[in-house]
Amino acid sequence: MSKNNDTSQSIPIYIADNLPSLPVTNDDNVTHSDIPLLFDIQAIKKLRYEMDILGVLIGTLPSASQQNLFLSIPLRLMVEEAIWLVNSGKCYFKKLNYITNTGANCDDELPKKYMHSIKNLQEIELKKYMKRQFEYKYKLKLEKEAQFCNTKVKSDAMITRTDFEKHYKKMEPSLFIPISNTSSLIAHDEHSYRKYQADKEFSDRMVRYLYKRYKYDYVVYKHLREYKREQRCVEDMEEGKDSDSERFYISPGSKFGGRFIVYPGDPLRYHSHMIIQSPKLITTDNNSSDTTDGIDLLELVCSGRLGTGVKKTCVYPFINVTKVAKDITTDQSSIDNCSFYSIEWSGFG
Amino acid sequence: MKNDNLSNRDDNEDVDTEETLASHLLYTSDDDDEVTRQDWTEMLKLSQVQQIIPKRGDKDYEPDGTNVQQTLLFNARNTMFDAISEAPRGLIIKHLNKAYYNIGSHTGIIYHAKGSFINNIGKTNSKGQIVLQFYEFVYLVERGTVIPYLKFDEDNEEAEIQLSVQDLYSFFRNQQELDEFMVYSHLKRLGYILHKPENRKTTFFPSNLLTTNNNLFCQNKAFQLWNIFKISLASPLNLLLLPYRSNAEIYINLQKLISHSKVVKTRAELLSTSHQQQIHTEKAPVSGSLNIAFDLWKPNPNFKKKCPDLPDFQILIHNKNLQNFPTFDDFHSIFNKLDYKFEFLDDIEWDEVSYVNEISRKQLLTPKQQKQQQFNIHNEQKKNKKRVSENVLQLRRLKNGFRKFILAVIDDGLINFITIAEADFSTENVWYEPQRNKVRSGSNKSKNRNSKQTKRDKTKKDV
């Protein structure tokens, strides 16, 4: 299913596994998690710089905790984004709720030993981190004293053991204990338990499940995602331009009453151009006649006025249900299964 | 000359000139319409020094392929990631607050809490420890107020590991919990105080004051009896026996034709509606989707966790992807569950009408607290001293409605807050009624008024 079966190079996207043991169904009463999350800042950077994936930051920023405009890790992806990334082989799904599986709350000996080893490793790393902090702060203190006394301190001066023992306790209350964003349990778990096969099975199962739930939205997203690259590929290759850099940036559209919001470039620098509405379906009945979901007239007027008011184009996608693959394993990118129509309020009269 | 000067400068200066020119040329009034514009430059400085929220940055319309835009974008992205990396979560040892997560009870416990956050968050148990709900626990960890730990061996007190943010998110038990946490953290960042409604003892509806609908029933019965003798509006006899003398009479009779559900407007009506008794019998939520998620209080330095006053708002959470939008019956049942400061009630002292175990909250306050409350009430009355005309009051009633709650709609990490209120358009008299001039005989005032009018009339005639 995913083009690259090797998960060692791919980025893990964490998603909670509340799926039932029954086969995958379309039963909407099944509760599950459809929130893909990322906690590693390097992974988030890579997705943004190389794959133009935005996501939404949902964590509190510690330096400015009383506002909602600038937020921090974790990064939440749209389900459609996550499915596209996994299907293209750049990422894979990984189980988020793993601690109960590693036995944090059970009486078996093996998990307790594992936890003890994690504890020891954490203590060693924390000691090293505190020592580095102390050395940095102590050197700063020496430099300030030297400035005051008009003397110079050697940049490579070593801190002696006596200095360490003498001054560490005084400085200890001001040393910082960090809270990590990424899990140390998982990092060690990878080496000791080799869960490659389990990860792959979980990833494949999750992608199939999410595709069934978000099939039509995913088709729209995929078309938007791959549109520019297809159009410009030949031209850019002739001109020597990098066609991968010319992509739409897509983010959730609920602020403007749509399904997606499309930007011509990174939202940090550019305004959005389009509001993509929820897809309308074209179904074919037994007599081979097509029926299309209609657009309510009031909805049409509202979309037009909204688009004019916020200076964006309202776009309606229409999906031919018969041409959409029932399973993501048979999904092929096809221009026929989705078409887009934009509306503009003319304002005559 | 100018071009030569430009070409002789260094590349950096060229870029600076281009930047200022480009940004000036590309600036349009479109920027005012954008809801989210992020300038992470000032935020990076905040990681070192505390400042006010920075202004939003300027944006371009679309990529034009120039190096200027590429450079600006590169700088913006780097600034954003640096601001996130250089604002690590954590605490210095002097202010260390260790919070332990308990998997069984799904709560966090702080054995020796330090800081002012304990005034609004968590509960104090009999041992003096602070017990945090899971969403409070995660919020405090993200904020860097507490450091999370997990004890994994009951026999060994030192057997504890430090948890990360990722580990905490792995403990969310279902989607609904994560949605609640998102709304909770969003509102806490704005400064509000939030708690679950089932933990609150203060109520507007003490069981000893609730009455049945007897009086209203009698009135209805009398009204029904009176109706028997009334002739149908559609009957032609109506116009002969009861002719209309004004437009208002026509509108009043038309109003009677339209059936409507009664909107609760007064304290007596709130207490007398019989379904309010269900609040006391069915306080535990049946299904999570249609229950009030949080009580919300405005920022208040004198907030009391043990005996809070009635909340200012109540919030319901709706996940667009998982649930169907509530129906009319759902809204009706939600309105009947509301128990907060009903702001449409006039001239009411909230401590008098809030009850804890059927005792008025005013009696439970200490003299110092009562004084403080009186001071707050006096200040509010001062603000509201200005008299407002009946028309304006009517507009406010139509616009704001009566009982209301806030619906938080979640869509892919974005939250929209919508106020849903009960409006009463059917009983409001919105038609124009000209004022009748009351002329009294033998009064000097009216004579003077008449004399003034005649003078005015004279002046008008002259003109």
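Each protein sequence line maps, in turn, to chains A and B.
Residue numbering for the first sequence follows our numbering, starting at 11 and increasing by one per position.
Residue numbering for the second sequence follows our numbering, starting at -5 and increasing by one per position.
Yeah, the Cβ is synthetic: ideal placement off N, Cα and C, and Gly gets one too.
Please read these numbers as outputs of a predicted model, since none were measured by experiment.
Would residue i pass as a contact of residue j if the rule is Cβ separation under 7 Å?
i                      : j                      : result
residue 320 of chain B : residue 196 of chain B : no
residue 422 of chain B : residue 395 of chain B : no
residue 192 of chain B : residue 129 of chain B : no
residue 178 of chain B : residue 425 of chain B : no
residue 94 of chain B  : residue 145 of chain B : yes
residue 329 of chain A : residue 348 of chain A : yes
residue 189 of chain B : residue 345 of chain B : no
residue 107 of chain B : residue 124 of chain B : yes
residue 83 of chain B  : residue 189 of chain A : yes
residue 257 of chain B : residue 264 of chain B : no
residue 260 of chain A : residue 278 of chain A : no
residue 133 of chain B : residue 92 of chain B  : no
residue 315 of chain A : residue 288 of chain A : no
residue 285 of chain A : residue 263 of chain A : yes
residue 96 of chain A  : residue 217 of chain A : yes
residue 126 of chain B : residue 102 of chain B : yes
residue 59 of chain A  : residue 54 of chain B  : no
residue 420 of chain B : residue 252 of chain B : yes
residue 332 of chain B : residue 399 of chain B : yes
residue 356 of chain A : residue 322 of chain A : no
residue 458 of chain B : residue 141 of chain B : Limits of chain B in this structure are -5 at one end and 457 at the other, which puts residue 458 of chain B out of reach.
residue 193 of chain A : residue 147 of chain B : no
Within 10 angstroms of its Cβ, does residue i collect 16 or more other Cβ (buried), or is it exposed?
i                      : result
residue 302 of chain A : exposed
residue 220 of chain A : buried
residue 155 of chain B : buried
residue 119 of chain B : exposed
residue 324 of chain A : buried
residue 411 of chain B : exposed
residue 342 of chain B : exposed
residue 159 of chain A : exposed
residue 260 of chain B : exposed
residue 179 of chain A : exposed
residue 286 of chain B : buried
residue 91 of chain A  : buried
residue 170 of chain A : exposed
residue 243 of chain B : exposed
residue 486 of chain B : It is not possible to answer for residue 486 of chain B, since the shown part of chain B is limited to -5 through 457.
residue 128 of chain A : buried
residue 227 of chain A : buried
residue 351 of chain A : exposed
residue 202 of chain B : exposed
residue 383 of chain B : exposed
residue 158 of chain B : buried
residue 262 of chain B : exposed
residue 33 of chain B  : buried
residue 146 of chain A : exposed
residue 340 of chain B : exposed
residue 381 of chain B : exposed
residue 137 of chain B : buried
Output yes if chain D places a C-beta closer than 7 Å to the C-beta of residue i; else output no.
i                     : result
residue 86 of chain A : Absence of chain D from the displayed structure is noted, the protein chains being A and B.
Of all the residues that make up the segment 64 to 75 of chain A, which are near chain B by a beta-carbon distance shorter than 7 Å? 66, 68, 69, 70, 71, 72, 73, 74, 75
Check each residue of the segment 44 to 58 of chain A: if its Cβ is closer than 9 Å to any Cβ of chain B, include it; give the result in chain order. 44, 45, 47, 49, 50, 51, 54, 55, 58
Would you list, in chain order, the members of the segment 268 to 286 of chain A that have their beta-carbon closer than 8 Å to a beta-carbon of chain B? 274, 275, 276, 277, 278, 279, 280, 281, 283
Flag this pair as touching only if the segment 386 to 405 of chain B and the segment 59 to 69 of chain A have three or more C-beta atom pairs under 8 Å; answer yes or no. no
Would you say the segment 292 to 307 of chain B touches the segment 156 to 167 of chain B, given that touching needs at least three Cβ pairs under 8 Å? no
Mind listing, in chain order, the continuous beta strand (DSSP E) runs of no fewer than 3 residues lying wholly within the segment 156 to 211 of chain B? 187 to 189
Quick check: the segment 177 to 185 of chain A against the segment 72 to 82 of chain A, are at least 3 beta-carbon pairs closer than 8 Å? no
Residues within the segment 129 to 153 of chain B neighbouring chain A, beta-carbon criterion of under 8 Å: 133, 135, 136, 137, 138, 141, 142, 144, 146, 147, 153
For the segment 279 to 297 of chain A against the segment 317 to 332 of chain A, do three or more pairs of beta-carbon atoms, one drawn from each stretch, fall closer than 8 Å, so that the two count as touching? yes
Of all the alpha helix (DSSP H) runs that stay within the bounds of the segment 42 to 128 of chain B, which reach a length of 4 or more residues? 61 to 79
By the 7 Å beta-carbon criterion, what residues does the segment 56 to 76 of chain B contribute toward chain A? 56, 57, 63, 66, 67, 70, 71, 74, 75
Contact between the segment 45 to 53 of chain A and the segment 77 to 87 of chain A (3+ Cβ pairs under 8 Å): yes
Restricting to runs no shorter than 3 residues, where is the beta strand (DSSP E) found entirely within the segment 96 to 158 of chain A? 101 to 105
Relative to chain A, which residues along the segment 386 to 410 of chain B have a C-beta separation below 7 Å, given in chain order? 405, 406, 407, 408, 410
Quick one: which unbroken beta strand (DSSP E) runs of 3-plus residues sit fully inside the segment 284 to 360 of chain B? Chain order, please. 288 to 291, 307 to 313
Please list the residues of the segment 205 to 226 of chain A that have a C-beta atom closer than 8 Å to any C-beta atom in chain B, keeping them in chain order. none
Kindly provide the ranges of any beta strand (DSSP E) runs that are 3 or more residues long and lie completely inside the segment 254 to 306 of chain A, ordered along the chain. 259 to 262, 270 to 273, 284 to 286, 290 to 294, 300 to 302
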